[in-house]
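Only one structure is covered here, and it is reproduced in the block below.
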Amino acid sequence: MLGWLDRRLGADSWARSALRKVFPDHWSFLLGEIALFCFVILLATGVFLTLFYRPDAAPVVYEGPYEPLRGQDVSAAYESVLRLSFEVRAGLVMRQIHHWSALVFVAAIVVHMARVFFTGAFRRPREINWLVGMGLLLLALGMGFTGYSLPDDLLSGTGLRIAYSAVVAIPFLGPYVASLAFGGEFPTEGIISRLFVLHVMLFPGIIIGLIAAHLGILWRQKHTQFPGPGRTEQNVIGKPFWPVQLFKSTGLMLLTAAVIAVIGGTIQINPVWEYGPFVPTTVSAPAQPDWYMGWLEGAIRLFPAFEPTILGVTIPSTFIPGIVLPGFFITVLALWPFIEQRVTRDYAEHHLLDYPRDFPVRTGVGVAGIVFAVLLTLAGGNDVLALAFSIPVEAITWFFRIAVLVVPPLLGWLGYRIALELQATDFHPLRRRKGVVLRRNAEGGYDEV
Amino acid sequence: MTPRMKRALLLSVALLVATTPAIAQSESEDPGRDIFIARCASCHGAEGDGTQFGPDLRGVGAASADFQLRTGRMPLAEPGAQTIRKPRAFNDDQIHALVTYVASLGDGPEIPTVDLTDADLSQGSQLFANNCAACHGATANGGAVGENAFAPTLHSSEPLDVAEAMITGPGQMPVFAFDDQESDDIVAYVMYLKDRRAPGGLDIGGVGPVPEGYVAWALAMVILIVIVLFIGKQKSSDGDEH
Amino acid sequence: MNTNRSISVALVVSMLASIGLVGVYIAGGDRAAEGILLGLALGGLGAGIVLWTRLIDIGPETEEREPLETSPEDRMDPIELRPEGITRRSLLVRLLVGAGGALAAALAIPTLSLGPRPGASLFRTSWRAGVRVVGEDGAPIRPLDLPLEGVLTVYPEGAVGSADSQTQLIRVGEDLLELDPDRQEWTVEGVVGYSKICTHAGCPVGLYRAQAHQLLCPCHQSTFDILRGAVPVFGPAARPLPQLPLDVDDEGYLIARGDFPEPVGPSFWNVHSGDDS
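Protein chains in written order, with our numbering: chain A, 95 to 543; chain B, 14 to 255; chain C, 30 to 306.
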């Protein structure tokens, strides 16, 4: 078959180098692949869902088998999701696999990004790929948000309302930009079909392009590797693409799909029939977005009622947590490779990775950032925590208000100290000591290698 | 015995016989009041007019007393404790007596009747979404409603509990003036929520995306990272290294 | 179990699960069975392939990294990038850039077709003087239709379900109200009305804490004191819920005296200073 392709595309010479290409063999290098395979699952299940979903906010009367909604006016979009869930064979399992996969998709991106961050894999020449990855992260968030808003249920519709309000909060331009985005004053009938276009056409297209760039750059630059015997900045040591890495990757793809399939078939997610169709005049509690938007939700809940009016311009209390905070976070994260270069004055090429302990400041800052995001995310569920532990929600809110300011610097500093400590003692908690290699030196003594 | 003494004896026996039923009646005439004095008056006042420990009960009606007593909320473990569902402190007869007594203290809502035969589940779900879900949750699993108040889960409730709560507004709950049909519809939906099986599988709390996020991380990501560790450690015969 | 055996088992499990999956589908479908069988089918195949790598006896290999930067001999001559005729004409270059920019702006302008200018829409609702207050069913309401400590979502007559006009009516004991004197006139027999749209992020504030006389927004827990004009007492909302001026008409039904005195819903840049002309 290779010959057949070769006679038409000259594939043989490419294949020879490609199939023999060496990839370092560390488990943490597979985390990004989990994200990639989640995307594949999302595409596959997504196509199925698209064939049944109606991106139409016009009202219809629900006449399906779910009794508590029968006879009610709901949007055609909502009705199509109910029909898919209750009347299409394999519809509900496809929908649930799709949604679980979305949650894991973003989780895997975050874990992968953390690995890249803490090992310094974003350093030259990989700054471009870091930016491409940031783009993928933002688009993944966008896909999730647009996706779970498509069923037009009470919970996700409330999320749209909050997003609209955050945009309105932008000084001067807010109300106009929000009107452009939504097609008028909230609620609008047109928003559902616009989200559909973003979710099914625009964003996936860009994501596919960025993934191609992400993998292409990785292919061109070759993967990084951890330092070790025989490893230098000028080589890559690992297993060849064919058959080892390809087998491992294919196996991982199937296993990722397997895990999500089992969860999708057995654990309920996003039961839109319980929330009911979106109406702008009520909301149920607790009201949270999917987990990856939780940090914004937490920020909005924790930010106090501080709404100054400066020179006639009011800064709504949603502006700082809803617009400024994410803007700042994303900007710093995106520019991190350049910030670090400037600060360390290290503009050299790096193909060998750091262990987190090798750069304690970066590790400390990273830990602080992650802890901050985690605390915000937990704070987004303050009323669920209040219910679960029978603690007044006000107390939980105050706890998190203080915690997000105090704990990240504390744990960041702790991470910094631990990294220094690990450097000094050369103790790796997970690595098995395999013994020490000694080499006779010229003076007759022994050196460790 | 002299005729005079005989007459006096007859008179006193007659008097005794005549008044005994009256005495006996005044003891059992108001058993509710007796129990009230013994168990409730220390907080609610001797005439049910309230003290610093408990509110005025004049006008709360039979519905309120019946709700509080049948669900065990009253009597409280101690003054100021939160009213929560707990085992009843009284038997049916005692509750009936107390309810009658409290109802007699003023004009208040009577115990409603619940008839689910013509209940409209769809109407019920709409009314529930518009009036109840903000506090009790979309699936009636309960919710935090500020400070020390928690709208309880309705999954232990009987139909009459729900109907009574709506018209009496216990604790921080507002009072609702639904008509009988609306009330029956809502009760029917609450019972539906109580008995339903989640169509999607395991109902992880029924409180929305928060537990879903926890599962995605604590279950899916953990399993996947274990898998990745396993795959990364696949040694061929000549061993592996980092 | 040796590797060969493990791989065989995994692949057989996978095959059987796939067949089972088809069978379940044909038999009518069952969500849990579909998920689990799909999981086994995918997982068996995946496990088999991963385990297969144990059979592959290829040790670590080394590949050299070529320098990424092109060697000086192979690099492009800067002259190739800028042939004659371009750099010398800076005016042309500037005009080129200008024309390109203008074209980009012109092509971008249809974005404004996506939505209308907000105008006064954020400053006004459908409430007008004399309009009757109606419930979800469209029927007018008398003050005492609400029980004490009762709540009701109401709309202007003719605009039931209107998102920006939604109003929360609450009836409390008249002696409990502590409103400003001019706002006290806006209540009728203890019935007070506030916009139901939270001034924080716009969620409907449906949660009434009866004993505390507070409206609590379920979204981010902004809490408003009903007795004092719905001023926020906890949470991120900074503006009180606007109060609807209420009155009764000749038949005793509740009517509005006019629109809300401030914009409803979440704040925006000119919420205090903008006028609604």
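The beta carbon of each residue, even a glycine, is placed where N, CA and C say it ideally should be. As the structure is a computational prediction, the values presented were derived from the model and not from experiment.
Which first and last residues belong to the alpha helix (DSSP H) in which residue i is found?
i: L69 of chain C; result: R60 to W81
i: V183 of chain C; result: That residue, V183 of chain C, is in no alpha helix (DSSP H); its beta strand (DSSP E) goes V180 to P185.
i: Q197 of chain C; result: First-last for Q197 of chain C: T196 to R200, but that is the beta strand (DSSP E), not the alpha helix (DSSP H).
i: S55 of chain B; result: A54 to H57
i: E542 of chain A; result: No alpha helix (DSSP H) contains E542 of chain A, which is instead part of the beta strand (DSSP E) from Y540 to E542.
i: V271 of chain A; result: G268 to F276
i: A135 of chain C; result: S119 to A137
i: V198 of chain A; result: G185 to F212
i: Q517 of chain A; result: V487 to T519
i: Y227 of chain B; result: P222 to V228
Strictly by DSSP, which residues pair up with residue i?
i: L23 of chain B; result: BP columns for L23 of chain B are empty, so no partner.
i: V294 of chain A; result: For V294 of chain A, which the question treats as bridged, DSSP gives no partner whatsoever.
i: L215 of chain B; result: A:I361
i: P371 of chain A; result: A:D247
i: I404 of chain A; result: A:V407
i: V163 of chain C; result: C:P169 and C:Y184
i: S169 of chain B; result: Beta-bridge pairing links S169 of chain B to no other residue.
i: V41 of chain C; result: Its beta-bridge partners do not exist; DSSP assigns none.
i: I284 of chain C; result: C:R161 and C:D276
i: R209 of chain B; result: None; R209 of chain B has no bridge partner.
i: L245 of chain C; result: C:L236 and C:T252
For a test of the three-state rule: what should DSSP assign to residue i, helix, strand or coil?
i: S47 of chain C; result: helix
i: P584 of chain A; result: Nothing about residue 584 of chain A can be read from this structure; chain A reaches only from 95 to 543.
i: N329 of chain A; result: strand
i: D384 of chain A; result: coil
i: V366 of chain A; result: helix
i: Y202 of chain B; result: helix
i: D167 of chain A; result: strand
i: I244 of chain B; result: helix
i: T252 of chain C; result: strand
i: Q194 of chain B; result: helix
i: L447 of chain A; result: coil
i: S138 of chain B; result: helix
i: R177 of chain A; result: helix
i: G238 of chain A; result: helix
i: Q95 of chain B; result: coil
Kindly indicate which residue of the options has the alpha-carbon position closest to the one of residue i.
i: Y386 of chain A; options: A:A536, A:L230, A:R183 and A:G238; result: A:G238
i: P292 of chain C; options: C:A61, C:A46, C:P96 and C:S194; result: C:S194
i: R238 of chain C; options: B:Q139, B:L140, B:F163 and B:A51; result: B:F163
i: P431 of chain A; options: A:V330, A:I404, A:I222 and A:F280; result: A:I222
i: A281 of chain A; options: C:M105, C:P210, C:P271 and C:A192; result: Per the sequence presented here, residue 281 of chain A reads as Pro, with Ala not at that position. Closest by alpha carbon: C:A192.
i: L125 of chain A; options: A:P153, A:F335 and A:H206; result: A:H206
i: A201 of chain A; options: B:K246, B:F243, B:I238 and B:I244; result: B:I238
i: I199 of chain B; options: B:K99, B:L129, B:C56 and B:G58; result: B:L129
i: G236 of chain A; options: A:V461, A:P415, A:D384 and A:F466; result: A:D384
i: A381 of chain A; options: B:G213, B:T113, B:T152 and B:F49; result: B:T152
i: Y54 of chain C; options: A:Q190, A:G229 and A:A184; result: A:A184
i: G144 of chain C; options: A:G277, A:L504, A:V154 and A:L446; result: A:G277
i: R71 of chain B; options: B:S25, B:L22, B:V127 and B:A116; result: B:A116
In terms of residue numbering, what span does the beta strand (DSSP E) encompassing residue i cover?
i: R238 of chain C; result: L236 to R238
i: T91 of chain C; result: E90 to E93
i: P415 of chain A; result: That residue, P415 of chain A, is in no beta strand (DSSP E); it is neither H nor E in DSSP.
i: D276 of chain C; result: L275 to V277
i: P261 of chain C; result: V260 to F263
i: Q81 of chain B; result: From DSSP, Q81 of chain B is part of no beta strand (DSSP E) but of the alpha helix (DSSP H) over G74 to R83.
i: Y223 of chain C; result: V220 to S224
### Message
Beta carbons nearer than 7 Å to chain C: which residues of the segment 188-199 of chain B have them?
### Response
If the cut-off is 7 Å between Cβ atoms, the segment 188-199 of chain B has V188, F189 and A190 near chain C.
#### Entry: Against chain A: residues of the segment 284-303 of chain C by CB proximity under 8 Å
Those residues of the segment 284-303 of chain C that come within reach of chain A (Cβ to Cβ, closer than 8 Å) are G294, P295, S296, F297, W298, N299, V300, H301 and S302.
### Query
What residues from the segment 79-107 of chain C come within 7 Å of chain A, judged by C-beta to C-beta, listed N to C?
Contact annotation: in the segment 79-107 of chain C, residues whose CB is within less than 7 Å of a CB in chain A are V79, W81, T82, I85, I87, P89, E90, T91, E92, E93, R94 and L97.
#### Entry: Where the segment 32-49 of chain C meets chain B: residues whose CB sits under 9 Å from a CB there
If the cut-off is 9 Å between Cβ atoms, the segment 32-49 of chain C has nothing near chain B.
### Message
Please list, in chain order, the residues of the segment 140-153 of chain C that have any C-beta partner in chain A closer than 8 Å.
### Response
Correct list: T140, L141, L143, G144, P145, R146, P147, S150 and L151.
### Task
Residues of the segment 143-159 of chain B with a CB closer than 9 Å to any CB of chain C: list them in chain order, please.
When C-beta distances to chain C are compared with 9 Å, the residues of the segment 143-159 of chain B below that value are N143, N144, A146, A147, C148, G156, A157, V158 and G159, in chain order.
#### Entry: Near-chain A residues of the segment 215-231 of chain C - C-beta to any C-beta below 8 Å
Correct list: K225, H229, A230 and G231.
### Query
Of all the residues that make up the segment 168-179 of chain C, which are near chain B by a beta-carbon distance shorter than 9 Å?
Going along the segment 168-179 of chain C in chain order, one finds D174, L175, P176, L177, E178 and G179 with a Cβ nearer than 9 Å to chain B.
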